[in-house]
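K.L.:
Quick one: this structure, given as structure tokens, is what I'll be asking you about.
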Amino acid sequence: MDLVPLEMYDSARAKIAANLRWLFAKAYGIDHIPEDLRDPFYTDQYEQEHIKPPVIHLLLSCELYCRVCALILKTEQAASLQSHLSVIQALSRKGIYVVESDDTPVTDEDLACVPIKMRPDKIIHAGLCDRSQTQSLSAHMPMIDALMMAYTVEMISIEKVVASVKRFSTFSASKELPFDLEDAMVFWINKVNMKMREIAEREHKVKHHPLESPSHQKSPSKWYWKLVPVRYRREHTSGRQLPFFPLLEDLMRDVCDGAAMLTVVNYYCPDLMKLE
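Read in order, the letters of the sequence shown correspond to residues 1 to 276 in our numbering.
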């Protein structure tokens with residue numbers, strides 16, 4: 001995984017790419033995303049970046065939205081999901097509303113609008129979306145966000161989160177039990193980060209302070225450590241720092257830098273994300 005320097009990071013582009021990849025993964029399956037959709041952008045001969053025409057076509061079509069909504073909600077009404085409006089209505093019945101950042105409701109006309117609306121002052125023509133314009137797909141990004149929220153609600157509950165945390169941590173039921181889904185997410189992420197911090201501190205202590213570990217204290221074969229000056233041992237290890245494991249207070253604000261979420265990924269899938 002390549003880490004982009006902060007000064008080069010384009011958060012608007014990253015948001016669009018992440019949302020679209022999630023939509024395609026849910027619609028086709030993570031291992032079966034069509035090749036031409038794996039990267040939604042292309043660069044022309046003038047080094048200008050655009051959104052691919054097939055992606056534009058799919059955004060204007062209700063096909064993927066209907067398919068993903070049906071897979072998530074698993075309702076008998078899945079067959080009736082045949083338009084942008086039907087998806088918006090199905091989500092609203094679950095208490096999930098498709099709105100822009102200023103709480104303006106997104107309509108089916110917005111989602112089918114040609115050229116695609118970017119912001120009130122910007123539009124993109126089919127296949128023409130240069131990088132300066134990828135600030136936010138004002139109708140389609142909230143639609144995908146709403147589908148993500150629906151998926152979260154269906155997949156995660158307070159009970160499931162608490163049961164998961166019990167497998168690796170302890171907590172005070174009277175003081176720490178989450179009261180809603182967002183609080184449950186903060187609770188879970190923080191417990192994972194605290195567990196990772198505990199593991200890192202234990203490994204660091206064993207690795208860099210061997211004289212303090214029981215195995216070294218009890219083993220007479222480690223007598224040579226007594227000959228190593230304490231000052232040298234302190235200087236030798238003082239430059240090594242533990243990884244940073246942040247704790248969240250506000251989910252939407254504190255999760256933005258990605259550090260806490262990357263720790264969660266490492267905890268459950270260490271082969272995919274190295275702490276280093």
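The beta carbon of each residue, even a glycine, is placed where N, CA and C say it ideally should be. These figures come from a predicted structure and were not determined experimentally.
Does the beta-carbon of F179 have 16 or more other beta-carbons within 10 angstroms, so that it is buried, or is it exposed?
P.N.:
Here residue 179 corresponds to residue number 179 of the sequence shown, with the count starting at 1. Exposed: under 16 other Cβ atoms inside 10 Å.
K.L.:
On the DSSP bridge list, what partners appear for Y42?
P.N.:
Position 42 of the sequence shown, counted from the first residue, corresponds to residue 42. The partner list for Y42 (beta bridge, DSSP) reads H50.
K.L.:
Can you tell me where the alpha helix (DSSP H) holding C69 begins and where it ends?
P.N.:
Within the sequence shown, the letter at position 69 stands for residue 69. Here the alpha helix (DSSP H) through C69 covers E63 to L73.
K.L.:
What is the DSSP secondary structure of P105, counted as helix, strand or coil?
P.N.:
Position 105 of the sequence shown holds residue 105. Strand.
K.L.:
CA-CA distance, F171 and D254?
P.N.:
Walking along the sequence shown from the start, residue 171 turns up at place 171. Walking along the sequence shown from the start, residue 254 turns up at place 254. Taking the straight line from one Cα to the other gives about 22 Å.
K.L.:
Classify M143: buried if its beta carbon has 16 or more other beta carbons within 10 angstroms, exposed otherwise.
P.N.:
As a position in the sequence shown, residue 143 is number 143, starting the count at 1. Per the 10 Å Cβ criterion, buried.
K.L.:
Helix, strand or coil, according to DSSP, for V99 in the structure here?
P.N.:
Against the sequence shown, residue 99 aligns to sequence position 99. It is a strand residue.
K.L.:
In chain order, what residues of the same chain lie with their CB nearer than 6 Å to the CB of C62, ignoring the 5 residues before and after it?
P.N.:
In the sequence shown, counting from the first residue as 1, residue 62 sits at position 62. So the qualifying residues of the chain are S83 and H84.
K.L.:
Rounding to the nearest angstrom, what Cα-Cα distance links D183 and L71 in this structure?
P.N.:
The count along the sequence shown starts at 1 and reaches residue 183 at position 183. The count along the sequence shown starts at 1 and reaches residue 71 at position 71. Taking the straight line from one Cα to the other gives about 26 Å.
K.L.:
Suppose contacts are defined by Cβ-Cβ distances below 7 Å. Is K191 in contact with S169 by that definition?
P.N.:
Your numbering for residue 191 matches position 191 in the sequence shown. Your numbering for residue 169 matches position 169 in the sequence shown. Cβ atoms of K191 and S169: closer than 7 Å.
K.L.:
Can you have a look at Y9 and say buried or exposed, based on whether 16 or more other CB atoms are within 10 angstroms of its CB?
P.N.:
For the purposes of this step, residue 9 is taken as the residue at position 9 of the sequence shown. Exposed, because fewer than 16 other Cβ atoms sit within 10 Å of the Cβ of Y9.
K.L.:
Of all the options A260, Y46, A18 and K94, which has the alpha carbon lying nearest to the alpha carbon of P40?
P.N.:
In the sequence shown, residue 40 corresponds to position 40, counting from 1. Nearest C-alpha to P40: A18.
K.L.:
Starting from T170 and walking both ways along the alpha helix (DSSP H), at which residues does that stretch end?
P.N.:
The residue you call residue 170 lines up with position 170 of the sequence shown. That residue, T170, is in no alpha helix (DSSP H); it is neither H nor E in DSSP.
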